[in-house]
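Scroll down for the structure; my scribbles are underneath it.
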Amino acid sequence: MNRVVMKYGGTSVKNIDNIKKVAKIIAKRKEQGKNVVVVVSAMGNTTDNLIDMAKQISKDKMNTRELDMLISTGEQQSIALLSMAIEAEGYKAISLTGFQADIKTTGVHTKNTIKDINTAKLEKYLDQGCIVVVAGFQGVNESGDITTLGRGGSDTTAVALAAMLDCSCEIYTDVDGVYTIDPRVYKNARKLDVISYEEMMQMSSLGAGVLETRAVQLGKQYGVPIMVALNTGMIRGTYIKELKKMEERGVTGLSMAKGVLMITVDNINYSPVDISHLFKLLATEKVNIDMISQNSQKDGLVSVSFTADDEDKYIVEKVLNKYCAEIKSAEYTIEEDIVKISLVGMGMMNQSGVASRIFGVYADSNIDFKLVTTSEISVSYAINKKDTMTIVNNLAREFNL
Ligand code: ADP
Ligand code: ASP
Ligand code: MG
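Residue numbers for the sequence shown, in the working numbering: 1379 to 1779.
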């Protein structure tokens, strides 16, 4: 079918000039005969600014229903402005909020997932020759309340729409593709022509913010061809698709996740009940735990370490204080300024030497790591933030990234 979903992120529509530029590119695409659905994010730092305002009122306990109501307004501004700008180019356009586009979601506020999209209305407008401009990042839940999909969620809206409309999805942003490493952190990174859904999913979930993880998951599930490219549309980007042949490369990319907390709880009785109680308390408070390790018992006591997002610091402290009050022997420490460095590659599945080479780089660089976790196609290390650039440079050299 002759349709395409084009998505523009916040930096691409950060001011009126940029919105006008994007409108021209979209109009051209329509002129070339495509039926275009555009998904757009909030302008520049709008979402951050809205969240900051909310934080000034509700410090610790945020009403997330109201937060969703607030932050969804960012995208509502940009869809209206972009539609006006497209009309100024002489093309018919109509803006739709998530609710109007029938994007049904489910889950907890600020972290909803898309359940279903009824594209009937959207297709009606396409049939009328309109360019349809849909608000990214938002939908409506079972109760009829406005919801959002988590930070970076406009990517998810775009891929979900492409899945439902059975077309490809083009993600336009401020970099010209997916690189082996975030090019703003490591300037010698290489642009990838193509990357598999699996690798991109791992890269994203381990910190590569260029594409939201759930968007890649949906792309894989529905076989949506995704392209990430520069917002000028003039440079060939990176294609994300199913790769039939296993790539030769052992390691495809390196992802970085900043803002990690490392928590160690010492002197826990060596009993599954006491250990599981800790994680139960954390789960009750919806703290997202990432890497976990437990050392071997000594004198009937063990230590448990795990990482969490530093956004959750306040709540983690609350849980740990409660836990240590209940389990009298337990004591905790929280280390901040931790970074998680991960290497990702399909080739790791059948190249046994990769782990040993990574450990070798850490040894040669004389850098300590605090926790290590692996999956079939990734290896992650929690390290001190100060060591980031040394290890990134040395890993990039070793694996030709
Ligand atoms: P948008 O506002 O368009 O959604 P984002 O800021 O969410 O843009 O994503 C683009 C940014 O992702 C880039 O500016 C870049 O710094 C970052 N990034 C992180 N990892 C990578 C990577 N591996 N390749 C390309 N960009 C990356
Ligand atoms: N505006 C939202 C955010 O800043 C969604 C997005 O940009 O994808 O997270
Ligand atoms: Mg983004």
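By construction, the Cβ of each residue, glycine as well, lies at the ideal position given by its N, Cα and C atoms.
Any non-hydrogen atom of the ligand ADP within 6 Å of residue i CB
i       : result
Val1770 : no
Residue i Cβ short of 6 Å to the ligand ASP heavy atom set
i       : result
Gly1597 : no
Ser1456 : no
Ser1473 : no
Ala1540 : no
Thr1483 : no
Thr1425 : yes
Ser1419 : yes
Gly1531 : yes
Phe1515 : yes
Cβ-heavy atom distance, residue i to the ligand MG, below 6 Å
i       : result
Gly1528 : no
Best match in the options for proximity to residue i [C-alpha to C-alpha]
i       : options                            : result
Leu1679 : Leu1500, Asn1645, Gly1628, Ile1435 : Asn1645
Lys1748 : Ser1450, Ser1683, Leu1698          : Ser1683
Val1602 : Asp1544, Ala1635, His1655          : Asp1544
Asp1690 : Glu1714, Ser1707, Lys1493, Gln1434 : Glu1714
Gln1455 : Gly1468, Leu1474, Lys1470, Asp1552 : Leu1474
Val1518 : Lys1489, Met1767, Gln1506          : Lys1489
Leu1656 : Leu1596, His1487, Tyr1701          : Tyr1701
Val1537 : Met1727, Leu1504, Glu1577, Asp1494 : Asp1494
Lys1470 : Val1415, Thr1768, Ser1707, Ala1479 : Val1415
Met1612 : Met1581, Asp1552, Val1697          : Asp1552
Asn1353 : Gly1507, Lys1499, Asp1446, Ile1394 : No information on residue 1353 is available, as it lies outside the stretch 1379 to 1779 that the chain covers here.
Ile1599 : Met1640, Ala1540, Ala1479          : Per the sequence shown, residue 1599 should be read as Gln rather than Ile. Minimum Cα distance to Gln1599 is reached at Ala1540.
Asp1746 : Gly1468, Asp1765, Ser1753          : Asp1765
Ser1378 : Met1542, Gly1555, Leu1773          : Given that the chain is displayed from residue 1379 to residue 1779, the structure contains no residue 1378 and the question cannot be resolved.
Gln1675 : Pro1650, Leu1448, Ile1667          : Pro1650
Thr1610 : Ile1693, Thr1389, Asn1380, Arg1381 : Thr1389
Asn1778 : Arg1562, Ile1435, Ala1432, Thr1558 : Thr1558
Ala1708 : Tyr1648, Lys1763, Met1669, Asp1668 : Tyr1648
Lys1499 : Glu1754, Ala1479, Cys1547          : Ala1479
Ser1532 : Asp1688, Lys1706, Gly1522, Glu1548 : Glu1548
Ile1449 : Tyr1386, Arg1529, Val1606          : Arg1529
Tyr1550 : Val1717, Lys1385, Ser1419, Glu1576 : Lys1385
Glu1620 : Asn1396, Leu1639, Met1579          : Met1579
Leu1596 : Thr1534, Asp1560, Leu1639, Gly1738 : Thr1534
Ser1681 : Tyr1710, Glu1501, Thr1768          : Tyr1710
Val1732 : Val1694, Glu1776, Lys1696, Met1767 : Glu1776
Leu1698 : Val1606, Met1727, Met1640, Val1717 : Met1640
Gly1452 : Glu1501, Ala1420, Asn1728, Lys1433 : Ala1420
Glu1704 : Tyr1692, Asp1652, Tyr1740, Ile1394 : Asp1652
Glu1372 : Gly1522, Ala1466, Met1542          : Residue coverage of the chain in this structure runs from 1379 to 1779, which leaves residue 1372 outside it and unanswerable.
Asp1687 : Ile1667, Asp1677, Ser1671          : Ile1667
**OP:** Flag this pair as touching only if the stretch 1661-1670 and the stretch 1587-1603 have three or more C-beta atom pairs under 8 Å; answer yes or no.
**Re:** Flag = no, the stretch 1661-1670 and the stretch 1587-1603 do not touch.
Original post:
Using 8 Å as the threshold, is the stretch 1555-1574 in touch with the stretch 1401-1412, meaning 3 or more CB pairs across them?
Top reply: The answer is no - the stretch 1401-1412 does not touch the stretch 1555-1574, with fewer than three Cβ pairs under 8 Å.
Subject >> Residue list, Cβ distance to the ligand ADP heavy atoms smaller than 5 Å >> reply: Spelled out in chain order, the answer is Gly1387, Gly1388, Thr1389, Thr1551, Asp1552, Val1553, Val1556, Tyr1557, Asp1560, Arg1562, Ala1586, Gly1587, Val1588.
Subject >> Unbroken stretches of the beta strand (DSSP E), 3 residues or longer, contained in the stretch 1748-1778 >> reply: The DSSP assignment places complete beta strand (DSSP E) segments of no fewer than 3 residues inside the stretch 1748-1778 at 1756-1762, in order along the chain.
**OP:** Scan the stretch 1680-1717 and note each continuous alpha helix (DSSP H) run of 4 residues or more that stays entirely inside, going in chain order.
**Re:** Correct list: 1691-1704.
Original post:
Unbroken beta strand (DSSP E) runs of length 3 or more, entirely within the stretch 1558-1613: which are they?
Top reply: For the beta strand (DSSP E) assignment, the uninterrupted runs of no fewer than 3 residues enclosed by the stretch 1558-1613 are, from N- to C-terminal side, 1572-1574, 1604-1608.
Original post:
Hey, which unbroken runs of the alpha helix (DSSP H) at 4 residues or more fall wholly within the stretch 1424-1453?
Top reply: Scanning the stretch 1424-1453 from its first residue to its last, the whole alpha helix (DSSP H) runs of 4-plus residues come out as 1424-1435.
Original post:
Are at least three pairs of beta-carbons, each pair with one atom in the stretch 1719-1738 and one in the stretch 1630-1647, less than 8 Å apart?
Top reply: Using a Cβ-Cβ distance cut-off of 8 Å, the stretch 1719-1738 and the stretch 1630-1647 are in contact, since at least three pairs of beta carbons, one from each stretch, lie closer than that value.
Original post:
Just checking, does the stretch 1483-1497 make contact with the stretch 1421-1432 on the three C-beta pairs under 8 Å criterion?
Top reply: In short, these stretches do not touch, since the Cβ pair count stays below three.
**OP:** May I ask you to verify whether the stretch 1454-1467 touches the stretch 1496-1513, counting CB pairs closer than 8 Å and requiring at least 3?
**Re:** Judged by Cβ distances under 8 Å, the stretch 1454-1467 makes contact with the stretch 1496-1513, as three or more pairs qualify.
Original post:
Counting pairs of Cβ atoms below 8 Å between the stretch 1740-1760 and the stretch 1634-1654, do you hit three or more?
Top reply: Verdict: yes, contact present.
**OP:** Assess, as a yes-or-no matter, whether the stretch 1570-1579 is touched by the stretch 1608-1624 under the definition of 3 or more beta carbon pairs within less than 8 Å.
**Re:** Contact holds: three or more Cβ-Cβ distances are below 8 Å.
Original post:
Between the stretch 1409-1421 and the stretch 1438-1448, are three or more C-beta pairs nearer than 8 Å?
Top reply: Under the Cβ criterion (8 Å, minimum of three pairs), the stretch 1409-1421 does not count as touching the stretch 1438-1448.
**OP:** Taking only runs that begin and end inside the stretch 1479-1524, name each unbroken alpha helix (DSSP H) of 4 or more residues, in chain order.
**Re:** Listed in chain order, the alpha helix (DSSP H) elements of length 4 or more contained wholly in the stretch 1479-1524 are 1498-1505.
**OP:** Quick one: which unbroken beta strand (DSSP E) runs of 3-plus residues sit fully inside the stretch 1643-1683? Chain order, please.
**Re:** Inside the stretch 1643-1683, DSSP marks whole beta strand (DSSP E) runs of 3 or more residues at positions 1667-1672, from first to last along the chain.
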